[in-house]
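From first to last, the protein sequence lines are chains A and B. In terms of our numbering, the first sequence opens at residue 388 and continues consecutively. In terms of our numbering, the second sequence opens at residue 89 and continues consecutively. Built from N, CA and C at the ideal position, the CB exists for glycine as well. Comments concern the structure below.
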Amino acid sequence: MTESISKTDASQSSKIDFINISEKRVGLFVTCLVNAMRPSIGFASITLLEQAGCAVEVPEAQSCCGQPAFNSGDDEGTRQIAYQTIEQFEGFDYVVVPSGSCAAMIKKNFIEVFKDQPEWLARAQHLADITHELLSFLVDVCDFTPEGIALDGSYTYHDSCSGYRSLGVYEQPRKMLAKVTGLSHKPLNGHSECCGFGGTFCVKYSDISNEIVAEKTENVLATEAEYLLGGDMGCLMNMAGKLNRDGHQTIKALHTAEVLAGMTAQIVGVKNAGK
Amino acid sequence: MQVNKPENFNANVKKALAQTDLKMIIRRTTDKADSKRAEAVANFPEFENARTQGQKVKDHTIKYMDHYLAEFEKNALAQGTIVHWASTGEEASKIVLDICRQHKAKKVTRSKSMLGEEIGLTHAFDNSEMERIETDLAEHIIQLAGDPPSHIVWPAMHRSREDVIKLFRQFHKDPTYSEEIVDLVGSARRDLRTKFLTSDIGISGSNFLLADSGSSCTVTNEGNAELTITPPKVHIVTAGIEKLVPSMAHAVPLLRLLTRSATGAEITQYITFHNGPKRPNDADGPQECHIVLVDNGRTKMLADGMEEMLRCIRCGACMNHCVVYKHIGGHAYGSVYPGPMGSVLTPHLNSLEVANKQTHACTMNGRCEEVCPVNIPLPKLLRSLRAQSWEKKFEPLTNRFFVQAFSQVAKRPKLFQFASACGVIFMKVFSRKGWIRFMPMTSGWTRNRDLIAPSSQTFMQQYKKMKKAKSGGG
């Protein structure tokens, strides 16, 4: 059944259509953590992509990238999740994900579970080719520079592992953040060391994860920055949650997109993140 | 010290985390290794080239293993070395002990070899009438302490200087009362020197086996391998078959990678090529040479599609850079080989059933692969072991249930969106001032961290509303 859906069917099935006529039709893959825990990152992504000249569509029938199944070794479960993601998104010019980890899953790992299904492998490969992590997409593909954004204070940056190692996201967020008036950068010792999140790892091996994130937050606090920025909700939740548990409520953990879209006023900070 | 078992991984981890000074002791070594390696790589512009070349050499030799093994045997025999083949660790151990008994050996000296540990040689000697003398300084320390190794390059890294001072004072005949490293080394040297010269048999491992000459290469810093091998009448090499390379020229890029990746050194103090027994005009050397070529699961790894792991040159960089290893240390893995490479190897040397938890104790951050001198895709291999383990249903039932339930929902986007919305409502019940400190079924998270409270509605709910308002307004 699923095999019969062609590329054009998939694009037609995305009913949302903003009037913005542009050369880049972008499908936003929201990710399950942003969807449930921090919608503002999703809206910030739309804002930034539109500012960068993209026509953004958000297919309503989307779920998770499948990492919980994939990293647990459940290949069949991963395929089941991947089928519909491929169908929903393969018709776009670009698929953009506000998370290095979920983007890397679609870009690098989908093809691993379709080794024995040539037709799906080709479709997964096509999806991999058009999928990008948000911050690198804005800079590398759209050559986007944020304008008129101001935020007083200093930030330190955590480079999430998948974005940094699998997708080469490093300069792009820093380049854009340098354009934010009033915001200065304080380098983080061990900026690219894992924060201990690791998806299911952080609950399966909670105590090891805790030791790792404790070291991370120690480094974060040592920078004395006001903002802890990153590009992955999972890592941010982990570090912010540890900081809050340990009583460090002054530092605010934000997704880079929230800062660049000028949405920090709405999000008072870590402490009131949920409003 | 009681030896940890791989199947008790979770208990081992608990024990390790409770040991408050362990992390600090490990970090003394790994932090230094990390920065020294980075420096060595930065000062070696050909590193990437060497890495590609090293990988190619390994892949080629592994692909034509049968050819190179036959060539190695032929050339080793021509040098006068006696070649033995062992398909299991037990068999290998027995071959070594039998040779020692044929020579009525009382004392055997051993230079550090992880393969020796793998095949259970240390235990085999300890259960025999013979005395085993470890000559590598770190191995000497753990022999005195009765510990298993906790790292493949620094087996005693879990022992602090204070521990070593105590051990040496307790066990050395002429101990030092100084606490300076140089004096401690002197104490060990005094203790070991006489033993080198009175040993009946010397046993070493091998870093590389050269097929075109039948020789074996050892890479050390202390010179103990040379002293282990030269004075006794008999020299026995134990080596895994994956140590083969076609020739010395092929070993060179791997040597350059090995020393830099292991300790950050351009070269070690000693790199020795051992070429069989003493020849008529040689000044010294053993009268008899044996080499035991060990399979112990390696050909099965080839058959199982794990051939990339056979590239491993045992440098330890993957564990030095592993966030998990750095917090739990080597003993928690319950295997001779800890850290990322160990988590891939142990299921093959032992079984996946007993060693599958280690494959999950990884955040998949990719650092190990990034620093691996022969490009072993360790995260990919670990994940493939997880997939095998999932197929065989080795995971705890609750884990399987949650993952399967999640997948069942996630494959149905509408249901997933509904479940997410319900989840948000559920979480709001436990939210206080923007945070969740406790919530049923999330103790794995909330035991150590707070959870950010969600917004009142999911992104998709808010987005649909916004879209409706827009289309209504437009």
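When the five nearest sequence neighbours on each side are left out, the beta carbons in the same chain lying within less than 8 Å of the beta carbon of B/Thr356 are those of Val307, Thr308, Asn309 and Thr347, in order along the chain. The shortest C-alpha to C-alpha distance from A/Tyr544 to any of A/Ser553, A/Tyr557 and A/Leu538 is the one to A/Tyr557. For A/Gln471, the chain B residues whose C-beta falls within less than 7 Å of its own C-beta are Lys499 and Pro501, listed in chain order. Our two residues, B/Leu342 and A/Ala442, have alpha carbons roughly 51 Å apart in a direct line.
Each of B/Lys481, B/Pro365 and B/Lys558 was checked against the Cα of A/Asp461, and the nearest Cα belongs to B/Lys481. Along the region 264-331 of chain B, the beta strand (DSSP E) occurs as fully enclosed runs of 3 or more residues at 289-292, 296-298, 303-308 and 322-328, listed in sequence order.
Here A/Asp546 is buried. Its C-beta has 16 or more other C-beta atoms within 10 Å. A direct Cα-Cα distance of roughly 5 Å separates B/Ser287 from B/Lys195.
Restricting attention to B/Ala507, B/Lys552 and B/Ile524, the CA atom closest to the CA of A/Cys419 is found in B/Ala507. Proximity of chain B to A/Ser553 at the Cβ level (cut-off 8 Å) is accounted for by Gly454, in chain order. B/Val196 sits in a strand when the DSSP states are folded into three classes. Taken through DSSP and simplified to helix, strand or coil, A/His635 comes out as coil. With 16 or more other Cβ atoms from the protein chains shown falling within 10 Å of its own Cβ, B/Glu330 counts as buried. In this chain, the alpha helix (DSSP H) harbouring B/Gly430 covers Gly427 to Leu437. Assignment of A/Phe588 by DSSP, reduced to helix, strand and coil, places it in the helix class.
The region 96-114 of chain B and the region 311-320 of chain B do not touch, with fewer than three beta-carbon pairs separated by less than 8 Å. Excluding the 5 residues flanking it on each side, B/Leu105 has same chain C-beta neighbours closer than 8 Å at His415 and Ile416, in chain order. Taking 8 Å as the cut-off, the Cβ atoms of B/Pro94 and B/Tyr413 do not count as close.
Membership of B/Val491 in the alpha helix (DSSP H) is indicated by the continuous run Leu485 to Ala498. Interface annotation, B/Asp392: not in contact with chain A, CB-CB separation never under 8 Å.
Minimum Cα-Cα distance from B/Pro501 among the listed residues A/Gln475, A/Ile433, A/Leu435 and A/Arg552 corresponds to A/Gln475. Judged by pairs of C-beta atoms under 8 Å, the region 630-639 of chain A does not touch the region 376-387 of chain B, as fewer than three such pairs exist. In this structure, the CA atom of A/Glu437 is about 50 Å from the CA atom of B/Arg402. DSSP places A/Glu447 outside both helix and strand once states are collapsed to three, so it counts as coil. Taking B/Glu227 as the centre and dropping the five residues before and after it, the same chain places the C-beta of Lys200 and Pro243 closer than 7 Å to its C-beta, in chain order. In terms of Cβ geometry, A/Leu522 and A/Thr434 do not form a close pair [threshold 8 Å]. In the DSSP assignment, the residues bridged to B/Ile221 are B/Thr197.
Residues of chain A with a Cβ closer than 9 Å to the Cβ of B/Met548 are, in chain order, Val417, Asn422, Pro426, Gly429, Val445, Glu447 and Gln449. Taking 9 Å as the Cβ-Cβ cut-off, the region 576-599 of chain A approaches chain B at Ser579, Glu580, Cys581, Cys582, Gly583, Phe584, Gly585, Gly586, Thr587, Phe588, Cys589, Val590, Lys591, Tyr592, Ser593, Asp594, Ile595, Ser596, Asn597, Glu598 and Ile599, given in chain order. Taking the Cα of B/Val252 as reference, the smallest distance to any Cα among B/Leu485, B/Lys261 and B/Ala233 is reached at B/Ala233. When C-beta atoms of the region 414-428 of chain A are compared with those of the region 508-524 of chain B, three or more pairs fall below 8 Å, so the two segments count as touching. The Cβ of B/Thr451 sits closer than 8 Å to at least one Cβ of chain A. Look at the region 478-492 of chain A: it has no residue with a C-beta under 8 Å from a C-beta of chain B. Excluding sequence positions up to five before and after A/Gln471, its CB lies less than 6 Å from no other CB in the same chain. Using a 10 angstroms sphere on the CB of A/Tyr614, the tally of other CB atoms reaches 16 or more, which defines it as buried.
The beta-bridge partner set that DSSP reports for B/Val380 consists of B/His172 and B/Thr326.
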